[in-house]
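Numbering (the working numbering), first residue to last: 24 to 546.
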């Protein structure tokens with residue numbers, strides 16, 4: 024059945040021919056099979072889909088609901104005026120009467136579960152599954168499938184503006200969860216609780232009883248999390264290996280008790296830096312989490328005045344498989360399995376070439392290096408790193424003071440070292456000269472053997488890059504999908520913006536080639 028060309032949904036007009044008439048089209052035959060006459064359903068046809076929707080009431084019932092025309096006043100008041108009896112509307116057909124209900128009874132349950140799974144993956148199970156369960160018996164059976172409840176985010180509704188209103192919202196949602204968790208969450212693996220103030224223990228108590236397959240727990244902006252709560256969860260959920268406590272009020276004793284119980288299987292841990300972080304790090308240094316691979320300590324929005332002192336050597340011994348986003352001090356055994364390192368900050372920090380070398384001297388498998396805001400890092404220090412296949416390098420400087428002395432040259436050292444593997448490169452805000460950037464980006468056009476560079480994202484915001492250099496790198500990198508040329512003083516006006524997608528990047532190339540003979544406009 025060919026879709027409609029326009030995006031408007033139209034209702035199918037049935038053919039006036041009888042079902043047994045000759046010349047009946049295959050389209051009419053399928054149409055009657057999907058929504059037979061008298062089934063209480065009608066069809067709507069759109070661009071790439073066919074919708075089978077239930078009629079709220081039969082057409083005849085709707086016709087009889089119209090108000091009858093008034094008789095002339097002289098006749099209505101006369102003694103011989105007789106009111107026309109109303110026809111009793113035909114009752115609406117229901118599934119319980121044994122009628123053909125159309126597509127609702129024909130679509131396989133597995134197909135419906137798969138469709139719901141696509142929606143759940145995009146928008147989460149709630150509130151969609153709860154609403155879909157009220158459509159019909161088939162949808163109710165599909166929404167109860169445990170595979171649709173692997174990942175759940177629970178945030179209490181906000182009832183009123185006062186704090187008491189939020190407590191009412193928590194109690195309201197908790198009443199629903201008392202039925203939902205035992206009946207739907209048997210295969211729950213990832214759970215996120217957001218903005219829970221007083222009922223965290225009650226929710227996690229239900230989870231510990233009915234969710235033995237839980238592997239990941241995130242508590243965001245949650246309060247009243249006690250040691251008893253976390254230990255209870257660690258004992259009941261033997262597969263739990265990841266805990267995210269970003270921006271939650273959790274006592275260090277509760278976290279330490281949890282790590283003592285579940286530390287042997289912990290792989291990922293997210294914390295917010297505070298005065299109690301030292302106690303948690305002490306537990307990690309005591310080899311309570313030998314399988315830990317990811318440790319992230321965030322400073323939050325308000326940075327603390329006291330920097331985090333991270334004993335890297337002791338941490339390497341206590342967590343040999345760790346892949347941290349930390350800051351190094353003395354040189355130790357290194358992180359041979361490290362693939363990603365993020366030391367980015369909003370302001371100039373103390374990370375230097377020496378600190379970076381101590382952290383990465385034993386990390387040949389590094390793929391991502393994020394040093395945004397680290398103004399003390401120079402290309403000379405980066406080119407001595409042992410990693411040979413770096414794919415993502417971020418050196419952007421955002422919010423850095425104009426009085427800070429920046430390196431004027433050295434960018435070719437970076438592109439010559441990693442041009443064959445670099446997919447994303449960020450030079451935003453760097454002080455490299457025009458000639459230096461020209462030499463650095465010219466490396467991507469020097470590939471041989473018909474092999475194109477892997478570069479797909481390039482950020483040159485606020486640099487001294489010239490039009491000829493930009494046009495050259497666009498021509499040499501056909502896979503370039505993102506190009507940021509904002510605030511580039513050497514480029515013509517009208518081209519200083521970000522380009523997303525191959526069409527916009529190619530348009531930029533055409534404009535640059537057109538403007539190359541002309542003189543550059545001043546900013």
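Glycine residues also receive a C-beta, built at the ideal position from the N, C-alpha and C atoms.
Item	Value
Please state whether DSSP places residue 459 in a helix, a strand or coil.	helix
Out of 450, 443, 413, which one is the CA nearest neighbour of residue 429?	450
If you pair each beta-carbon of the segment 248-262 with each one of the segment 304-311, do three or more pairs fall below 8 Å?	no
What's the C-alpha gap between residue 143 and residue 319?	28 Å
May I ask which residues mark the beginning and end of the alpha helix (DSSP H) holding residue 22?	No statement about residue 22 is possible, as the shown extent of the chain runs from 24 to 546 and does not include it.
Output the residue ranges of the alpha helix (DSSP H) runs that lie fully inside the segment 368-439 and measure 4 residues or longer, sorted by chain position.	376-383, 402-405
Drop a sphere of 10 angstroms on the beta-carbon of residue 452, count the other beta-carbons inside from all chains shown, and report buried for 16 or more, exposed for fewer.	buried
Between the beta-carbon of residue 483 and the beta-carbon of residue 511, is there less than 8 Å?	yes
Span of the alpha helix (DSSP H) holding residue 529?	525-538
In the DSSP output, what is residue 206 paired with across the bridge?	Per DSSP, none; premise fails for residue 206.
Can you list, in chain order, the residues of its chain whose CB lies under 8 Å from that of residue 431, leaving out five sequence neighbours each side?	454, 455, 456, 459
Using the Cα positions of residue 382 and residue 485, report the straight-line distance between them to the nearest angstrom.	30 Å
Look at residue 174 and residue 222 and say whether their C-beta atoms are less than 8 Å apart.	no
Once the 5 residues before and after residue 385 are set aside, which same chain residues still bring their CB inside 6 Å of it?	357, 359
Between residue 263 and residue 238, is the Cβ-Cβ spacing less than 8 Å?	yes
Name the residue from 251, 292, 301, 293 whose alpha carbon lies nearest to the alpha carbon of residue 275.	301
Identify, in the order they occur along the chain, each residue of the same chain with its Cβ nearer than 8 Å to the Cβ of residue 502, setting aside the five sequence neighbours on each side.	475, 476, 477, 478, 479
Measure how close the beta-carbons of residue 409 and residue 387 come, nearest whole angstrom, since I'm counting them as under 8 Å.	5 Å
Would the beta-carbon of residue 269 fall within 8 Å of that of residue 321?	yes
With distances taken from CA atoms, which of 272, 496, 490, 240 is nearest residue 463?	496
Thinking just about the alpha-carbon of each residue, which of 203, 202, 179, 204 is nearest to the one in residue 192?	179
Compare the Cα-Cα distances from residue 288 to each of 313, 490, 273, 171 and report the closest residue.	313
To the nearest whole angstrom, what separates the beta carbons of residue 150 and residue 209, a pair I think is in contact under 8 Å?	Wrong, their Cβ atoms sit about 20 Å apart, outside the cutoff.
Quick check on the burial criterion: 16 or more other C-beta atoms within 10 angstroms. Buried or exposed for residue 493?	buried
Just tell me which of 280, 284, 390, 443 has its CA closest to the CA of residue 364.	390
Please identify the residue among 194, 220, 216, 236 whose C-alpha is closest to the C-alpha of residue 207.	236
Express the C-alpha separation of residue 133 and residue 156 in angstroms, rounding to a whole number.	16 Å
What is the DSSP secondary structure of residue 509, counted as helix, strand or coil?	coil
Where does residue 219 land, buried or exposed, given buried means 16+ other C-beta within 10 angstroms?	buried
Rounded to the nearest angstrom, what separates residue 538 and residue 367 at their Cα positions?	36 Å
Between which two residues does the alpha helix (DSSP H) holding residue 239 run?	Per DSSP, residue 239 belongs to no alpha helix (DSSP H); it is in the beta strand (DSSP E), 239-243.
Could you tell me whether the Cβ atoms of residue 518 and residue 536 are closer together than 8 Å?	no
Just tell me which of 442, 416, 443, 405 has its CA closest to the CA of residue 433.	405
With distance defined between alpha-carbon atoms, name the residue in 361, 137, 399 nearest to residue 377.	399
Which same chain residues, not among the five before or five after residue 461, have their C-beta less than 7 Å away from its C-beta?	489, 492
Measuring only the C-alpha atoms, how far is residue 267 from residue 273?	11 Å
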